[in-house]
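Terminal number for the sequence shown in the working numbering: 145, no gaps in between. Below: one structure, written as structure tokens.
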Amino acid sequence: MSIKLVILESPYAGEVNANVAYARRCLKDCALRNESAQASHLLLTQVLNDNDPAERELGIALGLAWRKAADYSVFYTDRGWSKGMLAALESCLDEMRPFRVRALDGKVRLPYPTDHLPVFVISAIEARAGQ
């Protein structure tokens, strides 16, 4: 069995309880795909205050440090794209790191209308959406 190390990206802020429940479903989906997912927004918010700008910044930096070890990032889009998810996507594209875009309950949601996205972004999302 080949296990991949992945960074799970899903919304956290806003409807926190619903977003945490959704992220747990995403974690299970990753596990069933033989992916060991790092979900820093679930783990670190248990000990750091997401409403304190300094602690939030620290949590983001700690989560981003996992990129060095991860095989790819996985974006779950049923609940939309948060600012943090968009920043992570931009980082993937800037650094040419692999990623997947998934949905559990329907079609993958793109972060912007496709007529506003550069062609290489559309290709990257569509190439990975079904995986």
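Even for Gly, the Cβ is constructed at its ideal location relative to N, Cα and C.
Could you please give me the residues that DSSP links to residue i through a beta bridge?
i   : result
S87 : I21 and F113
Starting from residue i, trace the alpha helix (DSSP H) in both directions and tell me its first and last residue.
i   : result
S50 : Unbroken run through S50 is the beta strand (DSSP E), E49 to Q52; no alpha helix (DSSP H).
G73 : P67 to L78
A27 : That residue, A27, is in no alpha helix (DSSP H); it is neither H nor E in DSSP.
Spatial neighbours of residue i within its chain, please: CB distance less than 6 Å, with the 5 preceding and 5 following residues excluded, ordered by chain position.
i    : result
S96  : P25
C106 : S87 and F113
N31  : none
E109 : none
So, for residue i: in the same chain, excluding its five sequence neighbours on each side, which residues have a beta-carbon less than 8 Å away from its beta-carbon?
i    : result
L63  : Going by the sequence as given, residue 63 is Asn instead of Leu. Only E69 and R70 meet the Cβ criterion.
M15  : N48
G120 : D92
S50  : I17, K18, L19, V20 and C44
P67  : none
Are the CB atoms of residue i and residue j nearer to each other than 9 Å?
i   : j    : result
R38 : R81  : no
Y90 : L118 : yes
V88 : R123 : no
E23 : G73  : no
A84 : I21  : yes
C40 : A27  : no
L46 : G77  : no
Sorted by chain position, which residues of the same chain lie with C-beta nearer than 7 Å to residue i's C-beta, five sequence neighbours on each side aside?
i    : result
A125 : Correcting the residue identity first, residue 125 is Pro in this sequence and not Ala. Cβ neighbours of P125 beyond the five flanking positions: W95, L100 and L103.
V34  : L56
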